[in-house]
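Numbering (our numbering), first residue to last: 222 to 427.
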C-alpha cells in the first residue's frame, strides 16, 4: 500500500512538473507572439512614416514646378505628363538659356521621385512650312532636350525622344512670329510609372 501511495505521489509530481512545463512553454509562446506583433507594428509604423515623408516631398516638388516654372502636370494613361514652359525660336532646335533652370529642376525631380522610370520627350513644331520638315524639326528639339536632361544625371538609356511635328497644336494656325506661335514650338515630358498612389494623391491635393 505504501508503494502504491509513493507511486501515486511520483505520478502526481511528474504531472505537476509537466503542467508547469506546458504552462511555461505556452507563456513563452505567447510572449514571443506578442513581441512579434509589436515588432511588426513598429515596422509598419516606420514604413507608413516613410511613405508620408515621401508623399510630402513629392507634393512640395510638384508645387515648386507649378508655382516657380508654370508647369502643367497631369496623370495620363501610361504615367504622368509634365508640360513645362520650354519653347524654341522659329526654325530652331537649341535649348534656350531662359529654359535651363526649369529643365534642371525637372531633372532633379525625376531623379528624386522617378528614378528608374522610362521618360519620353515629345517635341512639337508650329505649322509653318512642310509637314515633313516640321516633323524632323520637332525630332531635333526632342533630341536636344533629351541630351540636356541626360547631362543632368538622368540615365540616357531610360530617355526616349519622339517628334510629333505640327500635330497637337496649342494655338491652331499660329506660326512664325504670330502671337502664340511659340507655344506650338515646345516639348512635353511623359514619365511612365506603374499605378502609384503617391502620384494620384499628390496631384489630387494640388
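No residue lacks a Cβ here, since even glycine has one placed at the ideal position from N, Cα and C.
A straight line joining the alpha-carbon of residue 261 with that of residue 360 spans about 52 Å. With a cut-off of 8 Å on Cβ pairs, the stretch 277–295 is not in contact with the stretch 362–374, counting fewer than three such pairs. Looking at 279, 407, 266 and 411, the one whose alpha-carbon comes closest to that of residue 339 is 411. Around the beta carbon of residue 389, fewer than 16 other beta carbons lie within 10 angstroms, which makes this residue exposed. In the structure shown, residue 390 falls within a coil segment according to DSSP collapsed to helix, strand and coil.
Residue 315 and residue 269 have their alpha carbons spaced roughly 44 Å apart. Contact check for residue 409 against residue 325 fails: the beta carbons are separated by 8 Å or more. Per DSSP, the continuous beta strand (DSSP E) segment holding residue 342 begins and ends at 339–344.
Sorting 413, 281, 365 and 351 by C-alpha distance to the C-alpha of residue 396 places 351 at the top. The three-state secondary structure of residue 384, taken from DSSP, is strand. Inclusion of residue 402 and residue 347 in the CB contact set at 8 Å is warranted, their separation being smaller than that value. Under the 10 Å beta carbon count, residue 363 is surrounded by 16 or more other beta carbons and is classified as buried.
Under a 10 Å Cβ-count criterion, residue 298 is classified as exposed, with fewer than 16 other Cβ atoms of the shown protein chains found around its own Cβ.
Straight-line measurement puts the Cα of residue 273 at about 44 Å from the Cα of residue 357. Shortest Cα-Cα distance from residue 341 to any of 310, 300 and 334 involves 300. With respect to the 8 Å criterion, residue 330 and residue 286 are classified as neighbours on the basis of their beta carbons. Of the candidates 256, 284 and 323, 323 places its Cα closest to the Cα of residue 369. Within a 10 Å sphere around the beta-carbon of residue 382 sit 16 or more other beta-carbons, which makes this residue buried.
DSSP lists 301 and 340 as the bridge partner or partners of residue 412. Sequence-distant Cβ neighbours of residue 394 in its own chain, meaning closer than 8 Å and more than five residues away, are 348.
The beta carbons of residue 405 and residue 345 sit about 6 Å from each other, so the pair counts as a contact at 8 Å.
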